[in-house]
Amino acid sequence: DPVLAKMDRAIHNLPPEVEIPLPMTRPQTPESPRQKPQKDSRGTYFLKRDATGWHRHYIEVHVVNAVVFHATAKKNPEEVYCTTLHEIDRLIEERSKRQLDDDEEELRERVQRDLPKTYHDYLDVFSKVSSDILSPH
1 DPVLAKMDRA
11 IHNLPPEVEI
21 PLPMTRPQTP
31 ESPRQKPQKD
41 SRGTYFLKRD
51 ATGWHRHYIE
61 VHVVNAVVFH
71 ATAKKNPEEV
81 YCTTLHEIDR
91 LIEERSKRQL
101 DDDEEELRER
111 VQRDLPKTYH
121 DYLDVFSKVS
131 SDILSPH
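Residue numbering for the sequence shown follows the UniProt record's numbering, beginning at 1 and increasing consecutively.
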């Protein structure tokens, strides 16, 4: 029976019958052979690595059973992360509530009333308190 064989493998901590490929590693951005000195307000410095290609980095998400998860966690403990949809929804809700908290009630109501629902993720753009803060320079 394949179900019993699978349970037996899980109980005795044996590897799965099918070899699961390890996740691909992200390509490292190569250092440029000749580094040109850069200058800013603090002085001269050298870039340690080329920052191009940062947008190509990705996160892999997989649904796996307990045995595969345990084997992967042993091989790559720094790549294991767990979250729930409830936690993600809660963080999004907190962020959307926080966006106009410091502003006047009248402004907050007007922005939420006049701005289309599709743009409610960008409520912080209309924050009077946030716009009064200068960016670091």
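Where a beta carbon is used, it is the ideal one built from N, C-alpha and C, also for glycine.
Terminal residues of the beta strand (DSSP E) in which residue i lies
| i | result |
| --- | --- |
| P37 | 37-40 |
Neighbourhood of residue i by C-beta distance below 6 Å, restricted to the same chain and skipping five residues each side
| i | result |
| --- | --- |
| V64 | none |
| T44 | P37 |
DSSP beta-bridge partners of residue i
| i | result |
| --- | --- |
| T44 | K39 |
Residue i, enclosing alpha helix (DSSP H) - first and last residue
| i | result |
| --- | --- |
| V68 | 66-75 |
| K4 | Note that residue 4 is Leu in the sequence shown here, rather than Lys. Its alpha helix (DSSP H) spans residues 2-11. |
| D132 | Looking at the DSSP string, D132 is not in any alpha helix (DSSP H), and its letter there is neither H nor E. |
| residue 139 | With the chain represented from 1 up to 137, any question about residue 139 goes unanswered, as that position is not in the structure. |
| E105 | 105-114 |
Among the options, nearest to residue i - alpha-carbon criterion
| i | options | result |
| --- | --- | --- |
| V80 | I92, S135, V61, E93 | V61 |
| F69 | K128, R113, N13 | N13 |
| A10 | E94, A71, K39 | A71 |
| Y122 | I92, I88, L134, P136 | I92 |
Interface flag, residue i vs chain C, CB-CB below 8 Å
| i | result |
| --- | --- |
| E105 | Protein chains in the displayed structure number just one, and chain C is not present. |
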